[in-house]
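Asker:
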Amino acid sequence: GEDGPTHQPVEQMASLRLTPNMSTWRPCDQVESAVAWKLAIERKDGPTSLIFSRQNLAQQERSEEQVANIAKGGYILKDCEGKPELILIATGSEVELAVNAAAELTAEGKKVRVVSMPATDAFDKQDAEYRESVLPSDVTARIAVEAGIADFWYKYVGFGGKIIGMTTFGESAPAGDLFKMFGFTTENVVNTAKELLA
């Protein structure tokens with residue numbers, strides 16, 4: 001943002017996620033926000049952090065099954081016919097980027113799945129069968145996209161995957177300029193995907 005060094009929190013999401021017994025949600029739209037809020041006020045065994053965007057974000061279309069799966073912390077938001085060759089994983093405002101990149105790649109004949117993962121702790125608590133259904137272990141071409149510390153995502157993308165995230169502190173400038181500078185653009189997600197699939 002434009003508010004100086006105190007407003008460049010690259011490490012906070014990872015810190016919250018790594019805090020024992022903390023449930024951390026970063027919703028991508030109003031539907032995910034409503035689910036996160038409901039789960040937070042129903043939770044009796046520990047605290048919940050809700051991380052919201054101040055930007056107006058696109059509302060994603062979902063089936064009833066997808067809405068039900070939000071509570072599992074990670075779910076298939078967009079899918080291809082048959083087995084995907086690439087999985088894009090994103091949270092919060094970056095989900096829209098992943099969806100737009102997937103649309104572009106699909107138009108070029110690629111088989112792409114988009115996984116929205118608003119709560120990694122909730123996803124990690126699901127049984128192995130569900131996690132495998134969302135992130136099949138034989139699909140190793142994976143990209144995680146989040147405007148926060150990149151390292152957190154290696155357990156989901158593996159050694160063969162890529163992360164579009166932060167490896168430095170932020171900068172002060174208009175948000176749009178910073179997103180371009182740090183690679184949070186549809187174009188960069190598409191180009192990273194093409195490198196991975198080459």
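The sequence shown maps to residues 1 to 198 in full-length UniProt numbering.
Just so you know, even glycine gets a beta-carbon here, dropped at the ideal spot from N, CA and C.
Remember, predicted model here, so these are calculated numbers, not experimental data.
1. State the start and end residues of the unbroken alpha helix (DSSP H) segment that holds Lys180.
2. Smallest Cα separation from Ser15: which of Ser49, Val35, Pro27?
3. Under the three-state reduction of DSSP, which class applies to Arg17: helix, strand or coil?
4. Do the CB positions of Ile143 and Leu77 come within less than 9 Å of each other?
5. Exposed or buried, what is Ile149 when buried is set at 16 or more other beta-carbons lying within 10 Å of its beta-carbon?
6. Residue ranges of each beta strand (DSSP E) run of no fewer than 3 residues wholly in the UniProt domain "Transketolase-like C-terminal" (73-185), ordered along the chain?
7. Could you give the distance in angstroms between the alpha-carbon of Lys155 and the alpha-carbon of Ala173?
8. Tell me the DSSP secondary structure of Leu57 in three-state form.
9. Taking the CB atoms as reference points, tell me whether Phe123 and Gly74 lie closer together than 9 Å.
10. If you run the structure through DSSP and keep just helix, strand and coil, what is Ser63?
11. Would you call the CB atoms of Glu104 and Thr168 closer than 9 Å?
12. Hey, quick one: how far does the alpha helix (DSSP H) through Lys38 stretch, first residue to last?
13. Taking buried to mean at least 16 other C-beta atoms within 10 Å of its own C-beta, is Leu18 buried or exposed?
14. By a C-beta neighbour count over all protein chains shown, 10 Å radius and 16 as the cutoff for buried, is Asp127 buried or exposed?
15. Can you say whether Met181 is buried or exposed, counting buried as having 16 or more other CB atoms within 10 angstroms of its CB?
16. If we count the other Cβ atoms within 10 Å of its Cβ and call it buried at 16 or more, is Ala58 buried or exposed?
17. Count the other CB atoms, across all protein chains shown, that sit within 10 Å of the CB of residue 265; report buried if there are 16 or more and exposed otherwise.
18. Below 9 Å between beta carbons: does that hold for Glu193 and Leu39?
19. Looking at Ile70: is its Cβ nearer than 9 Å to the Cβ of Glu129?
Answerer: In short:
1. 175-181
2. Ser49
3. helix
4. no
5. buried
6. 75-78, 86-90, 112-116, 142-149, 162-166
7. 31 Å
8. coil
9. yes
10. coil
11. no
12. 30-42
13. exposed
14. exposed
15. exposed
16. exposed
17. Limits of the chain in this structure are 1 at one end and 198 at the other, which puts residue 265 out of reach.
18. Sequence check: residue 193 is Ala here, not Glu. For Ala193 and Leu39, no; Cβs fall outside 9 Å.
19. no
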